[in-house]
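Below is one structure, written out as structure tokens; comments come after it.
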Amino acid sequence: MDANALNAELAGMDIYLLDQVLKERFTPGSKVLDAGCGGGRNLAWFARNGFEVHAVDNSPRAIEKLRAADLVPADRTHLAEITELPFADEFFDSVLGIAIFHLLPDRASFERGLREVWRVLKPGGLMVARLATDLSMEKFAEPLADGRHRMPGTNWDILLTSLDELLGWTERLGAELLEPIKTVNVQNQRAMATWVMRK
31 MDANALNAEL
41 AGMDIYLLDQ
51 VLKERFTPGS
61 KVLDAGCGGG
71 RNLAWFARNG
81 FEVHAVDNSP
91 RAIEKLRAAD
101 LVPADRTHLA
111 EITELPFADE
121 FFDSVLGIAI
131 FHLLPDRASF
141 ERGLREVWRV
151 LKPGGLMVAR
161 LATDLSMEKF
171 AEPLADGRHR
181 MPGTNWDILL
191 TSLDELLGWT
201 ERLGAELLEP
211 IKTVNVQNQR
221 AMATWVMRK
């Protein structure tokens, strides 16, 4: 398969989510929620490969774009916040939280969002999150309030978490960390962690 065909198949999926797909962490036919789906780049492969995909975003434009792409049935796309998910308890086999948690306004919202993801996840279910961390950012990110920081050279104000916070949440939730938390530092710009847990 050439690179263009491969890219079309994967639809621009986050490379660290692709890593989890290649590790066969997801079971075809299972229910997957993309919480903070945006235009659907991380759920397209799942939708085309036999998964029951559901999508949530707080942006009307993102939901409209996703529905127009016809990747996910309209009744499985929801305009909602990650802090108030419109699903029953223990509904999903997997929840994706790719580049969503650091967009929350404060630590209280981070906790509510994380607890909501945990609520809708079945026992034994998988959470894959990618989020900004404070690793090596103390010299570059401008501190604001309640864990928020202005990222260098941008007008992005995002919530940065620490490795200790993520490990603390893993323990408080009674989760199994499936692999060490991996953080990639993009030189003086941002640090993004991959957090993979089983309920």
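Positions 31 to 229 (the working numbering) are the ones given, in order, by the sequence shown. Backbone N, C-alpha and C define an ideal beta-carbon position, used for all residues, glycine too.
(request) Sort out for me which residues DSSP pairs Phe122 with in a bridge. (result) Position 92 of the sequence shown, counting from 1, holds the residue named residue 122. Paired residue(s): Leu151.
(message) Helix, strand or coil, according to DSSP, for Asp44 in the structure here?
(response) Start at 1 with the first residue of the sequence shown, and residue 44 comes out as number 14. The answer is coil: DSSP assigns Asp44 none of H, G, I, E or B.
(request) Could you check what DSSP says for Arg178 in three-state terms: helix, strand or coil? (result) Reading the sequence shown from its first residue, position 148 is the one you call residue 178. Here Arg178 sits in strand by DSSP.
(request) Identify whether Asp105 lies in helix, strand or coil by the three-state DSSP scheme. (result) For the purposes of this step, residue 105 is taken as residue 75 along the sequence shown, with counting starting at 1. Reduced to three states, the DSSP call for Asp105 is helix.
(message) If you reduce the DSSP assignment to three classes, tell me which class Gly198 lands in.
(response) If you number the sequence shown from 1, residue 198 lands on position 168. Gly198: helix per DSSP, three-state reduction.
(message) For a test of the three-state rule: what should DSSP assign to Asp87, helix, strand or coil?
(response) Looking up residue 87 in the sequence shown gives position 57. It is a strand residue.
(request) Could you tell me if Asp87 is buried or exposed, where buried requires 16 or more neighbouring beta carbons within 10 angstroms of its beta carbon? (result) Taking the sequence shown and counting its residues from 1, the one referred to as residue 87 is at position 57. With a 10 Å radius around the Cβ and a threshold of 16 neighbouring Cβ atoms, Asp87 comes out buried.
(message) Just verifying my parser: in three-state terms, what is the DSSP assignment at Trp186?
(response) What you label residue 186 is simply residue 156 of the sequence shown in a count that begins at 1. Trp186 falls in the coil class under three-state DSSP.
(message) Mapping the DSSP letters down to three states, classify Gly127 as helix, strand or coil.
(response) Your numbering for residue 127 matches position 97 in the sequence shown. Gly127 falls in the strand class under three-state DSSP.
(message) Could you give the first and the last residue of the continuous alpha helix (DSSP H) run that contains Arg78?
(response) The residue you call residue 78 lines up with position 48 of the sequence shown. Counting along the chain, the alpha helix (DSSP H) containing Arg78 begins and ends at 74–78.
(request) Pull up the DSSP beta-bridge partners for Val216, would you. (result) On the sequence shown, position 186 is the one that residue 216 refers to. Bridge partners of Val216: Arg220.
(message) Is the beta carbon of Gly70 closer than 9 Å to that of Ala99?
(response) The count along the sequence shown starts at 1 and reaches residue 99 at position 69. The count along the sequence shown starts at 1 and reaches residue 70 at position 40. Yes, the pair counts as a contact, with Cβ atoms nearer than the cut-off.
(message) Below 8 Å, how does it come out for the region 131–140 and the region 37–45: are there three or more Cβ pairs, yes or no?
(response) no
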